[in-house]
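Peer 1: Take a look at this one; I'll ask things after.
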Amino acid sequence: DAVQSQLDKHRTFFARTMYYKSMLDSKNKVFKNIIKSVDQAGNIDTQEANQKMQQINDRFSYVTQNAQIWEQKLQEAVRCWHNFRECERIISDWLLKAEQLISEKHIDTKEIVESHKIFFERVNERWIHDLVQTAQDLRNCLPSDQQRPIVNSVERLQSKWKEVLSFAPLHLMRLEFRLDETTFHQYIKDIEKEINIEQQAFNKQENVEAIIARNKEFFVNRGVVLEVEQCIQNMKKIAESYSKWQPNDSSLNESVNTIENQWETIAQKVEHLRQ
């Protein structure tokens, strides 16, 4: 904004350059006519007057040429600031969104997990390259004592960018794990409910064949047991991959152990009910 303001002031000030150029041209014509008349009269030294007029013309030429050069430099500075700020904004917005997704607590559907995957997989590596390039272009427009804030901003964003991208795979693995974990607990809840229903029917001495048929329908035909075991296998694979990325974090492996123990207990109940 400060550079744009300076450019606007510059343009406003030099907007009447052509007017002054026309005025100077007119003065030059008048001066030439005067010199011509004086030369005809003779015995008058015009050297000092010629020098002064030449100095005015030289100064005007110098000022107008430099005005054009500085306008171009200011335009370039405005362009560089705009490009840098735009790259800075794009990356900052992406990082903010990424941090919001990573800190999201309630993720209970596959659609939400998929939206997270799409967000992190579609990250554009070109953004960080453009940031570095536009920062360099901007630094070329600035005096050395004004370049440090630009360097600091780029280093800060690069550091945050690397941090988020290195954490993204872990985040996605945890998401998929928690989703399978939620699915597992829902299966366990349904299975325990079914066990209680069948156990109550058996205690009430209801038709045994009907109870057996119900048991077969729920646990065999519907494939609940296979689905639970597949769910556990998925979690084990994710936990294994996660451990390779994050050897010091055993939380997912601990969750898998708890889940396997829980499933073993439930499986024993199911087998006991069948017998």
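Numbering (my numbering), first residue to last: 16 to 290. From the three backbone atoms N, C-alpha and C, an ideal C-beta is built for every residue, glycine too.
#1: CA-CA distance, Y257 and E209?
#2: Suppose contacts are defined by Cβ-Cβ distances below 9 Å. Is I106 in contact with W176 by that definition?
#3: Counting only runs of 4+ residues fully inside the region 105-138, write out the alpha helix (DSSP H) ranges in chain order.
#4: Answer yes or no: do V147 and Q115 have a C-beta to C-beta separation smaller than 9 Å?
#5: Where does R154 sit, in a helix, a strand or coil, going by DSSP?
#6: Should F217 and I226 be called a contact, given that it needs their Cβ atoms to be closer than 9 Å?
#7: Just checking, does the region 24-43 make contact with the region 72-85 on the three C-beta pairs under 8 Å criterion?
#8: Once the 5 residues before and after I165 are set aside, which same chain residues still bring their CB inside 8 Å of it?
#9: Of all the alpha helix (DSSP H) runs that stay within the bounds of the region 216-276, which reach a length of 4 or more residues?
#10: Alpha helix (DSSP H) containing S20: first to last residue?
#11: CA-CA distance, I203 and M188?
#12: Thinking C-beta only, is Q261 closer than 9 Å to L185?
#13: Could you have a look at T149 and say whether DSSP puts it in helix, strand or coil?
Peer 2: On the basis of the data shown:
#1: Counting from one through the sequence shown, the residue named residue 257 turns up at place 242. Counting from one through the sequence shown, the residue named residue 209 turns up at place 194. Cα-Cα distance, rounded: 34 Å.
#2: For the purposes of this step, residue 106 is taken as the residue at position 91 of the sequence shown. For the purposes of this step, residue 176 is taken as the residue at position 161 of the sequence shown. Between I106 and W176, the C-beta gap is smaller than 9 Å, which places the two residues in contact.
#3: Residue ranges of uninterrupted alpha helix (DSSP H) with 4 or more members, entirely inside the region 105-138 and ordered along the chain, are 125-136.
#4: Taking the first residue of the sequence shown as 1, we reach residue 147 at position 132. Taking the first residue of the sequence shown as 1, we reach residue 115 at position 100. No, these two residues do not count as a Cβ contact at 9 Å.
#5: Position 139 of the sequence shown holds residue 154. R154: helix per DSSP, three-state reduction.
#6: Position 202 of the sequence shown holds residue 217. Position 211 of the sequence shown holds residue 226. Contact: yes.
#7: The region 24-43, when compared against the region 72-85, does touch it at the 8 Å Cβ threshold.
#8: Residue mapping note: residue 165 aligns to position 150 of the sequence shown, counting from 1. Result list for I165: F99, A150, L153, R154 and L157, in chain order.
#9: Listed in chain order, the alpha helix (DSSP H) elements of length 4 or more contained wholly in the region 216-276 are 223-231 and 239-260.
#10: Position 5 of the sequence shown, counted from the first residue, corresponds to residue 20. Bounds of the alpha helix (DSSP H) holding S20 are A17 to F28.
#11: Taking the sequence shown and counting its residues from 1, the one referred to as residue 203 is at position 188. Taking the sequence shown and counting its residues from 1, the one referred to as residue 188 is at position 173. Computed Cα separation, rounded: 22 Å.
#12: Position 170 of the sequence shown holds residue 185. Position 246 of the sequence shown holds residue 261. L185 is a Cβ neighbour of Q261, given a cutoff of 9 Å.
#13: Translated into the one-based positions of the sequence shown, residue 149 becomes position 134. In the three-state reduction of the DSSP assignment, T149 falls in the helix class.
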